[in-house]
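Be aware that the sequence shown starts at 13, since it is given in the working numbering, and climbs by one per residue. All remarks here apply to the structure that follows.
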Amino acid sequence: MFGYIVCNKEKLAKQEIDRYQSVYCGLCKALERRFGQLSRMSLNYDMTFLILFLSSLYEPPEEEKDFRCAVHPLHMKKATANKYTDYAADMTIALSYYKCLDDWQDEHKHLQRHYAEKIEKNYQDVKARCPRQCKAIETEIARLSEIEKSASSLPDDAVNCFGRLMSELFVYEEDFWSSSLRTFGYELGRFIYLMDATMDYNKDLKKGNYNPLVSMGKNPEEMEDFLTMIIGRAAYQFEKLPLVQDSHLLRNILYGGVWQQYYARKARKERTHD
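The following block contains the structure:
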C-alpha cells in the first residue's frame, strides 16, 4: 500500500535529488542504528517525505555525515538526519509490522509472517515510545480488515480508515499545528488507499480480494478526477503551512511524484490499444 509518495527526479535539479537521497540514506542509517540490519528491508521513500515535510515545518538542527554504503561502495554517500529521522524510522517499523501481518492474513505469505516475527520486539519498543500513533495503526488496520471482509461495507469506510491511520503519523507531538497536520495526513492517506486500489484493481479481481472501486462502480480509467480531488484537498492544507525549506522538492512529490505509477499504467494501457 506504499510506494506512491515519491519524487519525480526528471523535474528536479541535481542539488534537490542529492538532498532527497541524503535524507533517504539518513533514514536507512537510523533504521540500522535503532533496529539492526534486518530492519533496513522496511526502508521506503514514503517515510522520506514524512521527514522532509516535518523538517520543513519545524526546522530542527540537522547533522550530515559522509559514509561508504555497502550496497553502493564505489562512491562516498551523504546521510542527513534530525529528530524526525528517528521518528520516521519508528513509523517505518510500525507500518511494516502490520503490513506483514496483513499480507500473512490475506495471502498467507510466509516470508511476510517470518519478517513480522523478526521485528515484533522492535515494534514493541516503538509502541512504548509512540503509543498514540501505534494505537491508531492497530485500531484502523483492525477496522480495515473487518470492512474488507464485510459485504455490506461502503467504499468510503475503508478509505477513511486509512486516512485516520495516516493522520496520526503526521502528528509528531500535539502543538499548534496538530489539527492542520491531521487534516493533511487524513487526505493523503485517503489518496494512498484509493491509488493503491486503482493500481491493484485487476489483480484484486482475479484473486477475489476486496477493492473499493467495485463498490463505487468505477474502473481504474475513471478514477483520475476523483483522485485529483482528494490530493487537491491535501495540497490545500499543505499550502496553508509555512513550509519554506525543501518546498519545491515537497511540491514535486505532492503534485507530480504521487501520480507516476498511475500515468505509467495509463501509458501502458494506451500502447496495448494502438
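Every residue gets a Cβ at the ideal spot worked out from N, C-alpha and C, and that includes glycine.
If contacts are defined as beta-carbon pairs under 8 Å, then residue i and residue j qualify, I think. What distance do you get, rounded to the angstrom?
{"i": "A101", "j": "R46", "result": "5 Å"}
{"i": "L66", "j": "Y248", "result": "Not confirmed; about 19 Å, so no contact."}
{"i": "C173", "j": "R194", "result": "Not really, about 15 Å apart at Cβ, beyond 8 Å."}
{"i": "R202", "j": "I242", "result": "5 Å"}
{"i": "E71", "j": "Q257", "result": "6 Å"}
Looking at the secondary structure, which residues open and close the beta strand (DSSP E) in which residue i lies?
{"i": "A91", "result": "89-93"}
{"i": "F79", "result": "75-79"}
Which word fits residue i, buried or exposed, when buried means at least 16 other C-beta atoms lie within 10 angstroms of its C-beta?
{"i": "F79", "result": "exposed"}
{"i": "T284", "result": "exposed"}
{"i": "R144", "result": "exposed"}
{"i": "G269", "result": "buried"}
{"i": "P167", "result": "buried"}
{"i": "F188", "result": "exposed"}
{"i": "K41", "result": "buried"}
Can the beta-carbon of residue i be found closer than 8 Å to that of residue j?
{"i": "L217", "j": "L64", "result": "no"}
{"i": "Y16", "j": "I204", "result": "yes"}
{"i": "L181", "j": "T104", "result": "no"}
{"i": "C81", "j": "K90", "result": "no"}
{"i": "L107", "j": "I149", "result": "yes"}
{"i": "Y110", "j": "M207", "result": "no"}
{"i": "A209", "j": "N231", "result": "no"}
{"i": "Y213", "j": "L200", "result": "no"}
Under DSSP, the alpha helix (DSSP H) around residue i begins and ends at which residues?
{"i": "N264", "result": "259-267"}
{"i": "A42", "result": "26-47"}
{"i": "Y57", "result": "No alpha helix (DSSP H) contains Y57, which DSSP labels as neither H nor E."}
{"i": "S51", "result": "No alpha helix (DSSP H) contains S51, which DSSP labels as neither H nor E."}
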